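S.K.:
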Amino acid sequence: MTNQELMEIVTQGMKSATLKVRQGFAHRVVKLSQGLPHYTHLLSQHAGLHVVREGRVIVTNDDFDAAVSNALTNVSQTVREKYHRSTFSNRENLYQEVLLACALAEKDEMGTFGAPDVRDKLSLITGKRYEIQAFANHLTNFSTQDGTRGGILVKRGTQRRFRYRFIDPLLPPYVLMKGTSEGKISLPGG
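For the sequence shown, the working numbering gives the first residue as 15, with consecutive numbering after it.
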């Protein structure tokens, strides 16, 4: 769906619940939703419930984190398992940060992104500059179908020009919610 359509879901839903919504909150929900109304509804519902429990009638930017925190528990088990399988380790690594950078990466009209797009977002997340070689294996592991971390991305193209795309469109918004709830990123409100 378009950003405008998602924005209408937020504003009309809040209006039907006799709540008002600030644009900053709505913009953050739209950005996180990445075109998927499922997440727009989920986040809006949890924000509305949070505001009502507090006895208020206006949903503001400050309610976004509470909505994300509550919504995380209502994401499908399959999506949560994919995230856990692809990022879990007993040792310190960059898998969570690289997957988050993939979710944030600028996508082309086909929904694909390249390693340079990931590098730029990874630098923003970690505060360090990484060369592509430092996380190329992470991308390969995410895109290997038979690996323990695989089945997350589809890899297309040729050497030095690979493009990646998430297999499950529900995963990137979940990754963004995890990154937001863990304080790794902050989505701007408009």
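Positions of the beta carbon are idealized from the N, C-alpha and C atoms, including for glycine. Quick caveat, the model's predicted, so the values are computed rather than measured.
1. Can you name the start and end residues of the beta strand (DSSP E) that LEU167 belongs to?
2. From the DSSP output, read off the bridge partner residues of TYR144.
3. Measuring only the C-alpha atoms, how far is TYR97 from ARG170?
4. Select from LEU184, SER200, PHE180 and THR140 the residue whose C-alpha is nearest the C-alpha of MET124.
5. Helix, strand or coil: how does DSSP classify LYS34 here?
6. Whole angstroms are fine: how far does the CA of ARG175 sit from the CA of GLY197?
7. Going along the chain, which residues of its own chain have a beta-carbon closer than 8 Å to the beta-carbon of VAL65, five neighbours each way excluded?
8. Tell whether a beta-carbon distance below 9 Å holds between GLY27 and GLY62.
9. Assuming HIS152 contacts VAL112 under a Cβ cut-off of 8 Å, what Cβ separation, rounded to an integer in Å, is found between them?
10. Please state whether DSSP places ARG42 in a helix, a strand or coil.
11. With distances taken Cα to Cα, identify the nearest neighbour of PHE127 among ARG177, VAL44 and SER103.
12. Can you name the residues that DSSP bridges to PHE127?
13. Could you tell me which of HIS41, ARG105, LEU50 and ASN88 sits nearest to LYS192, measuring between CA atoms?
14. Buried or exposed: where does LEU138 fall if 16 or more other Cβ atoms within 10 Å of its Cβ makes it buried?
15. Per DSSP, ILE199 is paired with what?
16. Restricting to runs no shorter than 3 residues, where is the beta strand (DSSP E) found entirely within the stretch 45-71?
M.R.: On the basis of the data shown:
1. Annotation: the continuous beta strand (DSSP E) that includes LEU167 extends over 167-170.
2. BP columns for TYR144 are empty, so no partner.
3. One Cα belongs to TYR97, the other to ARG170, and the distance between them is close to 21 Å.
4. Relative to the Cα of MET124, the nearest Cα in the group LEU184, SER200, PHE180 and THR140 belongs to PHE180.
5. LYS34 falls in the strand class under three-state DSSP.
6. Roughly 32 Å between the two C-alpha positions.
7. Once the five neighbours on either side are set aside, the close Cβ partners of VAL65 are LEU33, VAL71, ILE72, VAL73 and ASP77.
8. The answer is yes: Cβ separation under 9 Å.
9. With a Cβ gap of about 4 Å, HIS152 and VAL112 count as contacting.
10. Assigned with DSSP and collapsed to three states, ARG42 falls in helix.
11. Of the candidates ARG177, VAL44 and SER103, the one whose C-alpha sits nearest the C-alpha of PHE127 is ARG177.
12. In DSSP, PHE127 forms a bridge with TYR178.
13. Of the listed residues, the one whose Cα sits closest to LYS192 is ASN88.
14. By the Cβ-count criterion, LEU138 is exposed, with fewer than 16 other Cβ atoms from all chains shown falling within 10 Å of its own Cβ.
15. DSSP links ILE199 through a beta bridge to no other residue.
16. The stretch 45-71 contains no complete beta strand (DSSP E) run of 3 or more residues.
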